[in-house]
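Residue numbers (the working numbering), protein chains in the order written: chain A, 147 to 359; chain B, 45 to 130. Notes for the one structure printed next.
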């Protein structure tokens with residue numbers, strides 16, 4: 147039996163996978179060109195003359211998948227793009243941020259190197275994000291290892307989770323907040339919650355990693 | 045000095061590789077073939093390997109001697125790589 151170099155197979159398959167995973171989404175009236183970026187086709191009229199024009203909205207980016215927290219809240223779309231230095235950025239755009247005027251959202255994306263049209267027309271960019279239907283699911287976990295997601299135990303590894311559908315991404319790979327809210331201020335001011343969530347687990351730690359405040 | 049550096053480098057390389065993981069994976073794949081790729085322990089071990097170690101496993105599976113176990117075909121090695129790439 148002839149032996150094929152596994153290294154060659156590995157390189158080929160990785161390249162194919164990278165190509166297959168590209169998620170440049172186009173749907174009417176939007177076109178996402180992987181080289182030129184996002185355009186919207188608008189109808190223009192002058193008298194009886196009617197023509198269509200493509201208006202540029204942003205640099206190219208992919209929508210990798212839908213993101214949500216382990217409790218099925220905090221829904222977002224995970225975007226991925228390259229900045230002018232070819233540095234890859236991954237950034238979750240929360241659904242709730244699509245309900246504002248879009249200025250703050252576009253500013254934060256622009257800050258991470260995604261070029262977006264300015265002025266009122268940028269609302270069309272927000273419309274594109276809001277209308278994009280993505281089937282892929284992405285779960286962001288703080289680290290590799292065991293996690294409870296939707297009451298299921300999963301083992302998270304970069305790119306995959308055992309026991310969970312969809313892709314798993316480590317929090318360090320995305321530009322996201324490192325903090326999340328839990329409960330209310332009143333809850334946390336009360337002694338029982340503090341004892342239940344911080345002090346009790348800390349007591350289970352071995353002596354050499356005892357908690358310090 | 046150069047020899048010392050090479051020895052140190054080789055030692056660091058060896059320390060970085062969880063060789064028992066490679067051997068445990070080889071055993072499972074050799075004994076149970078591609079069916080083992082759906083086993084959680086095998087999946088976990090596969091993901092713990094570096095790219096270079098996965099390539100090494102693929103090469104070793106293709107070169108298995110008939111008195112030990114059946115050598116893997118290219119298609120079977122592709123299944124292994126696909127499982128790692130998921």
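For every residue, glycine included, the Cβ atom is placed at its ideal position computed from N, Cα and C. Remember, predicted model here, so these are calculated numbers, not experimental data.
Give the residues of chain B in contact with residue i, contact being defined as C-beta atoms less than 8 Å apart.
| i | result |
| --- | --- |
| residue 156 of chain A | 95, 98, 99, 102, 125 |
| residue 159 of chain A | 122, 125, 126, 129 |
For residue i versus residue j, is the C-beta spacing smaller than 8 Å?
| i | j | result |
| --- | --- | --- |
| residue 187 of chain A | residue 206 of chain A | no |
| residue 223 of chain A | residue 275 of chain A | yes |
| residue 361 of chain A | residue 212 of chain A | Nothing about residue 361 of chain A can be reported from this structure: the residues present for chain A run from 147 to 359 only. |
| residue 171 of chain A | residue 278 of chain A | yes |
| residue 83 of chain B | residue 94 of chain B | no |
| residue 121 of chain B | residue 105 of chain B | yes |
| residue 185 of chain A | residue 201 of chain A | yes |
| residue 159 of chain A | residue 81 of chain B | no |
| residue 241 of chain A | residue 251 of chain A | no |
| residue 70 of chain B | residue 101 of chain B | yes |
| residue 239 of chain A | residue 260 of chain A | no |
| residue 23 of chain B | residue 108 of chain B | Outside the shown range of chain B, which is 45 to 130, sits residue 23 of chain B, and nothing can be said about it. |
| residue 114 of chain A | residue 229 of chain A | This structure cannot settle anything about residue 114 of chain A, because the visible part of chain A is limited to 147 through 359. |
| residue 272 of chain A | residue 210 of chain A | no |
| residue 123 of chain B | residue 78 of chain B | yes |
| residue 177 of chain A | residue 103 of chain B | no |
Mind checking residue i: buried by the 16 CB within 10 Å criterion, or exposed?
| i | result |
| --- | --- |
| residue 355 of chain A | Reliability of the predicted coordinates at residue 355 of chain A is poor, the pLDDT of 43 falling under 50, and the value obtained from them is presented with this limitation in mind. Looking at its Cβ environment, which holds fewer than 16 other Cβ atoms inside 10 Å, residue 355 of chain A is exposed. |
| residue 89 of chain B | buried |
| residue 219 of chain A | exposed |
| residue 233 of chain A | exposed |
| residue 183 of chain A | buried |
| residue 328 of chain A | For residue 328 of chain A, the pLDDT reaches just 46, beneath the cut-off of 50, and the residue's location in the model is therefore unreliable, although a value from the coordinates is still provided. When all chains shown are included, residue 328 of chain A counts as exposed. |
| residue 180 of chain A | exposed |
| residue 119 of chain B | exposed |
| residue 246 of chain A | exposed |
| residue 248 of chain A | buried |
| residue 264 of chain A | exposed |
| residue 293 of chain A | buried |
| residue 300 of chain A | buried |
| residue 208 of chain A | buried |
| residue 268 of chain A | buried |
| residue 286 of chain A | buried |
| residue 221 of chain A | exposed |
| residue 112 of chain B | exposed |
| residue 59 of chain B | Annotation note: pLDDT 43 at residue 59 of chain B (below 50); position unreliable, coordinate value reported separately. With fewer than 16 other Cβ atoms within 10 Å, it is exposed. |
Interface residues of chain A around residue i at Cβ under 8 Å?
| i | result |
| --- | --- |
| residue 107 of chain B | 149 |
Which residues in chain B sit within 7 Å of residue i, going by Cβ to Cβ distance?
| i | result |
| --- | --- |
| residue 163 of chain A | 129 |
| residue 370 of chain A | This structure cannot settle anything about residue 370 of chain A, because the visible part of chain A is limited to 147 through 359. |
Would you mind telling me which residues of chain B sit closer than 9 Å to residue i, beta carbon to beta carbon, in chain order?
| i | result |
| --- | --- |
| residue 285 of chain A | Under the 9 Å cutoff, chain B gives no residues; its nearest Cβ is about 14 Å from residue 285 of chain A. |
Answer with yes or no whether the minimum CB distance from residue i to chain E is below 8 Å.
| i | result |
| --- | --- |
| residue 301 of chain A | Judged by its chain identifiers, the structure shown contains no chain E, and its protein chains are A and B. |
The stretch 60–88 of chain B: which residues have C-beta closer than 9 Å to a C-beta of chain A, in chain order? Listed by position, the residues of the stretch 60–88 of chain B near chain A (Cβ gap below 9 Å) are 84, 87, 88.
For the stretch 194–209 of chain A, which residues have a beta carbon sitting closer than 9 Å to at least one beta carbon of chain B? Those would be none; no residue qualifies.
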